[in-house]
Amino acid sequence: TSVIRLADYRPPAWAVEDVVLEFDLGIDHTEVTSRLTLVRQADEPIRLNGEGIELLELTLDGRPLGDGEYILANGVLEVAVDADRCTLGARVAVRPAENTAFEGLYLSGSRDRGFLLTQCEAEGFRHITYFPDRPDVLSKYTVTLRADRQRFPVLLAGGNPDGTGDLADGRHWARFVDPHPKPSYLFALVAGRLERISHDYTTADGRAVALHIWAEADVIDRCDYAMDSLIRSMQWDERTYGRNYDLDVFHVVATHDFNMGAMENKGLNIFNAKYLLADPDSSTDDEYRHVEAVVAHEYFHNWSGNRVTCRDWFQLSLKEGLTVFREQSFSADMNSVSLKRIEDVALLRRAQFPEDAGPLSHPVRPSQYSEINNFYTATVYEKGSELVRMLAGHLGRDGFRKGMDLYFDRHDGDAATIEDFLKSLGDANGTDLSAYLAWYGQAGTPRLTAEARYDATQSRYRLTLRQRTPASAGQTVKHALPIPVRLSLFDASGKALPLRLEGEATAGATERTIVLDGAERSIVFEDIASAPVPSLLRGFSAPVILEFDYAPEELGVLLRHDPDGFNRWEAGQQLAGLAYDDCRDGKVDGAAIGAWTRALAQLFGDPSVEDALLAELLTPPGEIELVERQPERDPDRIRASRQAMLRALASRIGVPALRARYEALRAATSAALDATSQAQRQLKRRVLDLLSLVDEAHARELARAQYDEAPGMTDRLAALATLATVDPDAATPAFAHFRHRYEGNALALDKWFAVQAQLPGETALGRIQSLERDDAFTLKNPNRVQSLLGSFARANPSGFHRADGAAYRWLADRLVAIDALNPQVAARVATAFNGWKRLEPVRRESAHAVVAELASRKDLSRDLTDILARVAL
Ligand code: B3K
Ligand code: ZN
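Using our numbering, you'd call the opening residue of the sequence shown number 19 and step up by one each time.
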């Protein structure tokens with residue numbers, strides 16, 4: 019397979035000024051006619067990409083080209099032209115119903131009732147017609163769709179509507195003109211039977227915009243929350259960044275057949291139904307939050323991604339990291355700043371840190387790829403967002419806004435780079451941010467170590483910060499990065515101390531940000547009356563792993579008193595990490611487990627601690643995160659130790675207190691979506707889980723009753739999961755009931771599969787295999803594959819990593835089958851093998867055999883081959 023390198027970037031040899039596209043749509047056969055106005059930029063032939071399409075006719079300035087007048091090889095169509103400007107016409111045929119890879123034009127749903135849609139990012143447009151399919155070719159699009167009116171009553175494409183009409187033989191047409199130049203990856207069309215909900219929106223700058231959300235008839239009544247979220251997103255972007263929407267219509271479409279979460283096509287966002295539909299009976303609270311976040315994310319792309327796009331795919335984080343950051347800030351504003359931060363950091367640790375510690379590790383801006391679709395990763399998205407957050411923190415709120423204004427102004431209608439971004443932010447503030455560029459090019463999670471020395475005689479406290487980044491795949495030499503460390507010091511009673519650094523005249527605020535920009539830096543605080551407790555990296559001010567040798571009681575102080583909600587939780591996580599070490603190998607003994615359970619039992623009884631925070635505090639790092647702490651992993655033992663630690667916590671809090679809390683929360687049960695009700699449900703779930711460890715019989719009854727009484731999906735699903743964990747047999751009737759109740763509700767059934775796929779232990783694989791035989795299971799639907807195979811392989815460590823390797827062999831088998839249908843989905847699931855090298859020797863051996871065998875096959879897609887080749891290294 020060929021490798022694309024950032025260092026090889028060259029600007030396009032031909033620009034495409036405008037594109038006229040005509041589609042004669044049909045499920046089996048669609049004909050696409052294109053007319054490109056090309057303008058020479060360099061002395062080279064015209065080169066267009068095209069894959070899996072049949073060329074029917076090619077014309078140059080209206081004249082048909084014969085066989086000898088162009089070269090078509092390896093997905094590239096080459097035409098040598100003398101003029102500096104020309105019109106190239108093509109007629110091609112594509113076969114939507116045969117497109118199981120869901121890239122380009124394809125069919126969602128059944129032949130007789132489904133609809134046609136497109137997915138072009140990253141390189142799907144070349145599956146629709148011949149085109150320079152790269153993000154730095156920006157053109158104006160005029161698109162005409164023609165189709166049978168009965169079968170395809172709704173015809174949509176990006177841009178403003180520009181007429182509709184009837185044709186002979188029951189056909190009709192619709193035309194769309196997009197005045198904003200865009201790259202081909204933002205092109206989209208949708209055609210079929212869809213219903214809609216609408217809202218008339220007026221932007222802050224006075225544009226009337228018709229908002230439409232489209233979905234199939236059976237789910238259209240579940241789109242209201244998405245519309246609400248869209249309106250709030252639009253208002254937020256106007257308020258926060260001064261960004262207005264820029265077309266007369268904005269369409270959003272839901273599909274059940276989608277490889278990813280959603281897609282920001284200009285004027286026509288397309289969503290995986292999972293991130294658009296929401297109703298209390300079939301969606302959990304988490305899913306409501308995800309809908310709000312993803313709707314916002316795709317909308318925000320209209321500026322960060324569409325108006326300013328990426329020069330090449332290496333710059334992917336330019337739009338993704340930035341847009342995740344914007345989305346996270348929006349969600350924080352809509353909900354709670356500290357809870358959002360906790361959620362985001364937990365995700366970073368669960369998804370990005372492991373990725374960065376294994377063979378798939380890559381920089382936020384990779385320097386090479388063989389399949390770009392494999393780089394839509396937690397690193398590019400989540401770590402990318404952390405980098406923007408550091409920049410925003412560095413500039414402050416107003417400075418960052420000024421920088422963003424300049425970035426959008428300077429690069430509007432342009433394809434930009436990460437350097438451009440840093441330069442705009444810096445120029446607007448008269449500062450140079452180029453030191454941060456190093457973060458974009460270096461893979462691996464930096465280790466930040468802090469060492470403290472207190473000098474009582476001089477009332478001085480010296481803090482030494484050091485950094486080190488372990489070698490990662492293909493990158494052995496690592497450099498020091500600028501690491502902003504936000505910190506405070508507390509006395510033993512939990513009071514924050516005013517900070518005066520050595521050399522300063524007076525003490526200032528109780529919080530400072532120190533930037534560690536070399537390998538090591540020491541700072542000295544004056545007038546410190548007694549040995550303080552440092553609260554470091556507050557708000558998670560940099561995406562690093564902090565190592566500081568806290569005594570359990572110091573973490574206890576922070577856990578009780580740190581006003582930074584994030585660091586308070588973080589102190590609990592650190593303490594839980596130490597407590598976990600006290601619970602290894604069957605013993606439950608040590609200062610840390612004592613301190614952790616004592617502190618939490620106290621907070622449990624403290625009415626000033628809010629339900630939502632308490633629920634988070636009661637959740638120690640998950641199995642996947644704990645696994646990262648071990649040099650050699652045995653997922654069974656990790657799970658057992660974590661369970662032991664939770665049991666110790668539950669018994670310290672005590673059965674009476676747990677029961678009483680559960681009953682109080684149960685009495686408050688409703689399906690309301692306000693923050694208080696959500697927090698109650700969340701805490702209720704934690705309490706029931708804890709109770710199930712020390713009061714099993716009673717917890718089982720409560721779970722059963724909760725399942726029966728649940729007014730909504732959150733309580734119902736939580737009850738099901740608890741019941742199944744406590745007593746799988748007792749859960750069988752409930753699973754059967756759920757299966758029947760939600761027959762035909764794809765998203766609810768996905769959760770039914772996922773909950774069962776995550777039930778731990780040796781029996782998991784057998785359970786998965788019988789679930790595969792369920793009528794509702796299919797390898798053709800990405801959501802279904804993720805909910806069963808993805809949940810099992812990635813979120814069930816003790817189930818997937820069976821010592822006998824049976825689950826590895828089973829997954830390998832399925833990967834081959836999925837790959838034949840949908841390479842992107844196969845590649846995504848295959849990332850579950852990322853951590854095999856750090857498994858204990860028995861599991862490592864069996865994983866290795868499976869990975870090596872798969873990697874040696876020659877009949878797999880480029881997507882899957884690329885993942886396997888890197889994982890096997
Ligand atoms: N930009 C799309 C992701 C496209 C993935 C292509 N394999 C969704 C998003 O990040 O908003
Ligand atoms: Zn995005």
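Note that the Cβ used here is the ideal one computed from N, Cα and C, for glycine as well.
Any chance the CB of residue i is under 7 Å from a heavy atom of the ligand B3K?
i	result
GLN955	Because the chain is modelled from 19 through 891, residue 955 falls outside the range shown and cannot be assessed.
GLY640	no
GLY279	yes
GLU316	yes
ASN391	yes
GLN346	no
TYR892	Residue 892 is absent from the model: the chain starts at 19 and stops at 891.
GLN370	no
HIS269	no
GLN842	yes
TYR826	no
Three-state secondary structure (DSSP) at residue i?
i	result
PHE566	strand
PHE622	helix
THR221	coil
MET281	strand
LEU632	helix
THR475	coil
ASN799	coil
VAL834	helix
GLU404	helix
PHE170	coil
TRP321	coil
PHE756	helix
For residue i, verify whether its CB is less than 7 Å away from any heavy atom of the ligand ZN.
i	result
THR449	no
HIS380	no
GLU139	no
GLU310	no
GLU282	yes
GLU338	yes
THR341	yes
HIS9	Nothing about residue 9 can be read from this structure; the chain reaches only from 19 to 891.
In or out: residue i buried (at least 16 other Cβ within 10 Å) or exposed?
i	result
GLN787	exposed
LYS876	exposed
ALA226	exposed
HIS274	buried
HIS497	exposed
THR781	exposed
VAL57	exposed
LEU74	exposed
GLY623	exposed
PRO674	exposed
LEU92	Contrary to the premise, residue 92 reads as Asn rather than Leu in this sequence. ASN92 is exposed by the Cβ-count criterion.
ARG28	exposed
Suppose you measure from the CA of residue i to the CA of residue j; what does that come to, to the nearest Å?
i	j	result
ALA775	ALA633	24 Å
GLY177	MET245	20 Å
THR687	GLN696	10 Å
ASP42	ARG144	17 Å
VAL37	LEU95	17 Å
GLY604	ALA662	8 Å
SER349	GLU310	8 Å
ARG329	GLY583	39 Å
ASP713	VAL744	10 Å
LEU573	ALA589	5 Å
TYR725	ALA470	51 Å
ASP264	ILE45	32 Å
Meets three-Cβ-pair contact criterion under 8 Å: the segment 226–240 and the segment 156–168: no
Touch test, the segment 430–450 against the segment 525–542, Cβ-Cβ under 8 Å, three pairs minimum: no
Cβ contact check for the segment 567–585 and the segment 334–346: 3 or more pairs under 8 Å: no
Segment contact, 8 Å Cβ cut-off, at least three pairs: the segment 303–318 with the segment 747–761: no
contact_flag[the segment 201–208, the segment 134–142] where n(CB pairs < 8 Å) is 3 or more: yes
Cβ pair count under 8 Å reaching 3, the segment 437–444 against the segment 358–377: no
Any 3 or more C-beta pairs closer than 8 Å across the segment 146–161 and the segment 208–222: no
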